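Its first residue numbered 1, the sequence shown is counted upward by one per residue in the working numbering. Beta carbons are placed, not taken as given, at the ideal position from N, Cα and C, and that holds for glycine. Everything numeric in this text was worked out from a predicted model, so none of it was measured. Inspection log for the structure reproduced underneath, given as structure tokens.
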Amino acid sequence: MERSEYIEFLLDHYNNPRNRGAIDDPDILVNGGNPGCGDVVSMYLKVDDDNRVADVKFEGKGCTISMAGASLITEMVMGKTLQEIEEMPYADLIDQMGEDVVKSRLRCATLGIDTLKGAAREYPSRKAVGQKLIQPIVLAHTLSTD
Ligand code: FES
């Protein structure tokens, strides 16, 4: 795609966010934040017995790229296992957002995916002791592995 098409794609996700909202009685609710600017995203998930995402929604307040990235990543992780989310390369998301468009804004672009990766990493240990993962703010960019 051309750069202008990626920008149009991101604006569409920002203006018409997919899977925006809350889930009643989620198995997972984690809040990520970008310490540099204060933008925040909350990720709600329902997870089946195989640790596969049965439903995911997000709420948040932030820049165009962070909210577009959060919207897009909810589409990308639907039906995936938490392990697959944990192992998902950042490039899978960045490529879809247009590397050239977001390369100077990677912290914005990865706010949603980092928040989900943090949830994916921590949920199995909570589940093992019969708990959900309902967390206060997680600073997303302390979770990044790259
Ligand atoms: Fe805050 Fe983009 S400026 S996440």
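For the pair of segments examined, the stretch 29-45 was found to touch the stretch 59-74: the number of CB pairs separated by less than 8 Å reaches three. As summarised for the stretch 20-57, the continuous beta strand (DSSP E) elements at least 3 residues long and confined to that stretch are 28-33 and 40-47, given in chain order. Along the length of the stretch 86-144, whole beta strand (DSSP E) runs at least 3 residues long occupy 133-139, reported in chain order.
In the structure shown, the three-state DSSP call for E59 is strand. Cβ-Cβ distances below 7 Å link D50 to T81 in the same chain, with the five nearest sequence neighbours on each side left out; the list follows chain order. Boundaries of the alpha helix (DSSP H) harbouring T74: T64 to V77, taken from the DSSP string. Per DSSP, the unbroken alpha helix (DSSP H) holding R3 starts and ends at R3 to N15.
For E87, the closest C-alpha among the options D12, R121 and N16 is that of R121. A straight line joining the alpha-carbon of V77 with that of G21 spans about 16 Å.
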